[in-house]
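> What follows is a single structure, and I will ask about it in a moment.
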Amino acid sequence: MKHLELIPMNEWLPGLNQPLVIAGPCSAETEEQLLATARQLKALNKVSAIRAGIWKPRTRPGEFEGIGSEGLKWLIQAKKETGLPVTVEVATARHAEEALKAGVDILWIGARTTVNPFSVQEVADALKGVDIPVLIKNPVNPDLQLWIGAIERIYGAGIRKIAAIHRGFSSFKKTSFRNEPMFDVAIGLKTHFPELPVICDPSHICGNRELIPFISQRALDLDMQGLMIESHITPDLAWTDAKQQVTPDALGTIIDHLTLRKPES
Ligand code: PEP
Ligand code: MN
């Protein structure tokens, strides 16, 4: 166990309402789609930050690989219009440099990047001396050491605003989930780094919108400190992850039905 000297998450990403929610489309598709989604999410008054992928690491080639750097302008416009911080996935030094230059507020490292120490180190090196929050998703496979290693690499670059994102694990077993929750791995991370905030991403765990309320509640019951949920104005028409995205309105309903764990007396 190693002690991390972290800046508490509520100092760099305050929850408007409990729980803390980061939401937005899986992918930025067009400026209109991103801005319309961002405006509706802002109107809920329950979302703390807007997410959107612009560089999409697809498992297999031939599908939409993200709009690329052009999407940075849209994200910054979404930030201007809503006043909410924006976050994007970065997988290379160039992504990190471009996102920083554009004024993105928070970076996240995706599950397909966390598996590769060279890639994580490359991003970490690009962030040396930079004060920006970084969210680190678990690796696709249930390897706690890889997850810990990625966190150590980002911490080693001097980043002190860090949270982990639990997005479930790939498995050969057929289950109801796209990625098995295996919450015990996230609990293992919390045991290793007790001061590290862990956020749950029910969207990539579930793979379908129906299970999202259940997994979101499980995450809160396990004391996870927030949720990252994919939201799109027209989910069925989404270019990526259509089945698991929810409209901003549906997201509002999901949040309203969550029960927060009462602090122990
Ligand atoms: C995403 O957040 O859209 C994404 C690609 O997630 P993951 O890295 O968890 O697969
Ligand atoms: Mn996605």
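Per UniProt numbering, the sequence shown runs over residues 1 to 265. From the three backbone atoms N, C-alpha and C, an ideal C-beta is built for every residue, glycine too.
1) Going by C-alpha distance, which of P202, L258, I151 is nearest K190?
2) For the segment 49-68 and the segment 18-25, state whether three or more C-beta atom pairs, one from each stretch, are separated by less than 8 Å.
3) Would you report the Cα separation of N10 and E32, rounded to the nearest angstrom?
4) Run the proximity test for C206: is its beta-carbon closer than 8 Å to any non-hydrogen atom belonging to ligand 1?
5) Alpha carbons only, please: which of S170, D221, P133, H257 is nearest the one belonging to residue 308?
6) Which residue comes first and which comes last in the beta strand (DSSP E) that contains K137?
7) Quick one: give me the first and last residue of the alpha helix (DSSP H) that L107 is part of.
8) Quick one: Cα of K39 to Cα of Q18, how far?
9) With a cut-off of 8 Å, do at least 3 Cβ pairs link the segment 126-141 to the segment 169-176?
10) Could you check how far apart the C-beta atoms of D201 and M224 are, in whole angstroms? I think they sit under 8 Å.
11) Compare the beta carbon distance of K56 and E70 with 9 Å and say whether it is the shorter of the two.
12) Whose CB is closer than 5 Å to a heavy atom of ligand 2? List the residues in chain order.
13) Determine the closest residue to I212 out of A111, I233, L100, A250, with distance taken between C-alpha atoms.
14) Note down, in chain order, each residue of its chain lying with its Cβ closer than 8 Å to the Cβ of Q121, except the 5 sequence neighbours on either side.
15) Please report how far the alpha carbon of E210 lies from the alpha carbon of A93, in whole angstroms.
Here's the rundown:
1) I151
2) yes
3) 31 Å
4) no
5) This structure cannot speak to residue 308, because the chain is shown only from 1 to 265.
6) 134-137
7) It is not in any alpha helix (DSSP H) - L107 instead sits in the beta strand (DSSP E) that spans 106-109.
8) According to the sequence as given, residue 39 is Arg; it is not Lys. One C-alpha to the other measures close to 20 Å.
9) yes
10) About 10 Å; that fails the 8 Å criterion.
11) no
12) C26, D241
13) A250
14) R153
15) 36 Å
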